[in-house]
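If you're matching positions, the sequence shown starts at 13 in our numbering and goes up one per residue.
Note that CB positions come from ideal geometry on N, CA and C, so glycine has one too.
Nothing here was measured: the structure is a model prediction, and the numbers come from that model.
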Amino acid sequence: MPTDTSLATGAVEGGADQGLHPGGERRYLNRELSWLDFNRRVLALAASPDQPLLERAKFLAIFSSNLDEFFQVRVAGLKDQLAAGVSGTAADGLSVPSQLRAIRRGVQEMLAERSATYADALVPELARHGTRLVEWASLGPADMAHAESVFESQMFPVLTPLGVDPGHPFPYISNLSLNLAVMVRDPQRGERRFARVKVPPLLPGFMALPDGERFVPVEQVIAAFLGELFPGMEIESCHAFRVIRNADLTLAEEEADDLLEAVEMELRRRRFGRAVCLQVQRGFSPEVRDLLARELDLLPDDVYEVDGLLDYEGLWAVHALDRPELKDEPFTPVNPVRLAPLDDEPVDIFAAVRAEDVMVHHPYESFAMSTEAFVEQAARDPKVLAIKQTLYRTSGDSPVVRALIRAAERGKQVAALVELKARGDEAANIGWARALEQVGVHVVYGLIGLKTHAKTALVVREEGDGLRRYCHIGTGNYNSSTARLYEDIGILTSSPALGEDLTDLFNFLTGYSRQATYRQLVVAPLALRSRIIELIERESSYGADGRIVWKVNNLVDRKVIDALYAASQSGTQVDLIVRAMCCLRPAVPGLSDNIRVRSLVGRYLEHSRIFYFSDGSAGATRAPVQVERDRGGLAPALPDGGRYLMGSADIMERNLDRRVEALVDVQEPHVQARLREILEVVLADDELAWELQPDGTWGKVPVVKHFNAQKHFQELALSRSRRRAQGDGVPPAL
């Protein structure tokens, strides 16, 4: 298993630069290369013998889809800059051409690692456990006869060969499709022609052989019977290839009279986005490779030769095999303690939330029994007058959206802000928006120039003492599918201050408002960056008694990074848990001596955002929890008190300047204790954690105590649930 990665360092261009630290190091790491380093950590999980075998197949598929998205968005963006003649350099000093060259080097390395992991590790291990991924050339006559029968009945009718000649122009190659490039020769005329055969995406990636234990790539089956697609022709060569296109959504929103129609139009255009990458099998005919590159308007550096498979989507079917002994042990999310039924009586969520705030930690605690149940109860309750909600990404059959539809049908006032520009979910969101509008929901499509990324819901209920507002604010989407895979946090509260804040926020989102200050919320793009920097500077003023601990997905914004550098130089201890991109360089003498950065990559996607500031209490002591005693030389436990914020925002320019984000300043001590617990457990991990080094490389944390944060959270959730079921009351947070 790889123990370090080193893409993000890049190469320094030019001479003196203000981005250089006096010691010669760059102040910032490259954003794009840092993301590639993250995906290499995902690839390391696929290579790790410590992972269950079919989970390794899953991580190989995830790595591949991640890389596809990187090309569709990030590489496409760099190529657009290059085409537009954008000059200047990134924060780390790399120009656009230099970034593209560095990306190519890194991607070539990782594609080679992927191929080796598949061929040298995954395939032999699967065979040892009775599942063999075989090559066509290894099949005997009986297997080939079976494959021909399957080809004739299930594949041949849906295949469409497309030739290229004066009467047939070069065909459109769809994004991410797997294709066969075929050179055929007419034996009578001697003419040679190119043809393309698309592997239909609805076909399984692997075809099962009669014994049920062996599987052959479907593109190899199609290639073996090309003669039936080109009868009477000689097949000179056949190789697989893939094209990756620019898939980012570009809208001139200020010119759009109807945002819904504009997004729909752009989605149609996106199908024909410019090609940014061509992947071909090793040994691909140079003649055909050059033809494809020329027709796709690609440069030689845009072409990648790959050993073995090109499309790893079929590994999802391998992961789905009924082999529980080769997968992670199943885990069913438990009912949140304060929302768990007692004596089979249904829980009144409003009564529970009135009593005290409820924090839910997904996927360890059930999304369905908390957030979805909250919206569903609001839809049914005759005392509920109004529901307002933001929707960024939703599942295909969203219980939350269906509850909003039922609420509107019952005459409640329902408002939904559906973000049409959520990348990859635009079409689904358009469908939900229309369904909501049909039943009378007030649907808002977002703000011009901004994406609404905040995760908020507001319920207005009529009670004996007047109207009461119930709120949900979270770090994750209202998506029941990802809630089982992503680690996230949600808070349910009847806090009057937060209720007033969400009322103001929704008025800002649905109407006209210049509201910039809130009571308990911190909102981007109005004030989030300035508030975060203000809190950093306040912590910095405490010097060695200051302590900052954050858990985020990405840390890119230079102004915030500079504030963290200054805090470190004042003596404040800083621990950063950054899942993916981190442009801050830690532990550089004189710059960031007191900053440590780690990343957790595991079974669940770490997705929650938590911001802790000690308010100068780091000099105080308290009895450490058991996790703390086991953590060895890692950072000390967090003191009592301090300030906790959580919500939707990552520390990136796009989140702080071009999105509507919301963090909540958490006031309730028992919720603060849960957030503290999460940070302490993640800092104690030595199985999933990687550490960022001063030179920009990532190294695996040495395994000493075999402490796995995600397994520990599972155990905590089960323990709390058992104690509740046994009538021991609500277990403490720590």
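- In this structure, DSSP gives Asn-347 a state outside helix and strand, which the three-state scheme calls coil.
- The beta carbon of Lys-424 lies closer than 7 Å to those of Val-396, Leu-397, Ala-398 and Ile-399 in the same chain, with the five residues before and after it left out.
- Gln-389 is positioned such that its CB atom lies no closer than 8 Å to that of Ala-428.
- Between Asn-489 and Tyr-404 the beta-carbon gap is near 5 Å, inside 8 Å, which marks them as a contact.
- Annotation for Glu-81: the continuous alpha helix (DSSP H) segment containing it runs 65 to 82.
- For Pro-229, the three-state secondary structure derived from DSSP is strand.
- For the set Ile-442, Met-167 and Tyr-376, the Cα lying nearest the Cα of Leu-214 is the one of Met-167.
- The count of Cβ pairs closer than 8 Å, one atom from the region 588 to 604 and one from the region 558 to 575, reaches three, so the stretches are in contact.
- Per DSSP, the beta bridge partners of Asp-587 are Val-561 and Arg-608.
- In the structure shown, Pro-342 falls within a coil segment according to DSSP collapsed to helix, strand and coil.
- The C-beta distance from Glu-551 to Thr-529 rounds to 22 Å, too long to meet the 8 Å contact threshold.
- Listed in chain order, the non-local C-beta contacts of Gly-100 below 8 Å within the same chain comprise Ser-107, local neighbours out to five positions each way being set aside.
- Across the structure, Ala-380 and Gly-443 are spaced so that their CA atoms are roughly 22 Å apart.
- Close CB contacts of Glu-474 within its chain, under the 7 Å cut and outside five residues either way in sequence, are with Lys-395 and Leu-397 (chain order).
- Ser-553 sits exposed, since fewer than 16 C-beta atoms from the chains shown fall within 10 Å of its C-beta.
- Rounded to whole angstroms, the gap between the alpha carbons of Asp-662 and Ala-556 is 26 Å.
- Residue environment: Asp-334 is assigned as exposed (fewer than 16 neighbouring CB atoms within 10 Å of its CB, all protein chains considered).
- DSSP places Phe-237 in the coil class of the three-state scheme, outside both helix and strand.
- Taking the Cα positions, Val-456 is about 11 Å away from Phe-520.
- Nearest neighbour of Leu-327 by Cα position, chosen from Gly-217, Leu-533, Gln-120 and Pro-598, turns out to be Gly-217.
- Within its own chain, the residues whose Cβ lies closer than 7 Å to the Cβ of Leu-134, once the five positions on either side in sequence are excluded, are Arg-68, Ala-69 and Leu-72, listed in chain order.
- Scanning Ala-419, Gln-450, Leu-123 and Val-613 for the CA closest to the CA of Ser-76 turns up Leu-123.
- Nearest in C-alpha terms to Leu-728, of all of Leu-192, Ala-59, Phe-242 and Pro-345, is Pro-345.
- Ile-501 is classed as buried because its beta carbon has at least 16 other beta carbons within 10 Å across all chains shown.
- In the assembly as shown, Arg-734 is an exposed residue. Its beta-carbon has fewer than 16 other beta-carbons within 10 Å.
- For the 8 Å CB-CB criterion, Val-613 and Pro-598 do not form a contact.
- DSSP places Glu-125 in the helix class (H, G or I) of the three-state scheme.
- CA-CA distance, Ala-128 to Asp-393, rounds to 57 Å.
- Taking the Cα positions, Ala-415 is about 20 Å away from Thr-515.
- Remark: C-beta atoms of Val-535 and Glu-431 do not approach each other more closely than 8 Å.
- Per the C-alpha coordinates, the member of Ala-305, Gln-532 and Phe-386 positioned closest to Phe-253 is Ala-305.
- Runs of the alpha helix (DSSP H) lying entirely within the region 508 to 574, each at least 4 residues long, are 508 to 522 and 540 to 552 in chain order.
- The three-state secondary structure of Arg-301, taken from DSSP, is helix.
- Looking from the CA of Lys-463, the closest CA among Ser-249, Val-162, Leu-138 and Asp-669 belongs to Asp-669.
- Within the region 394 to 467, complete alpha helix (DSSP H) segments of at least 4 residues are found at 411 to 421 and 438 to 450, given in chain order.
- In the three-state scheme derived from DSSP, where H, G and I count as helix and E and B as strand, Tyr-130 is classed as helix.
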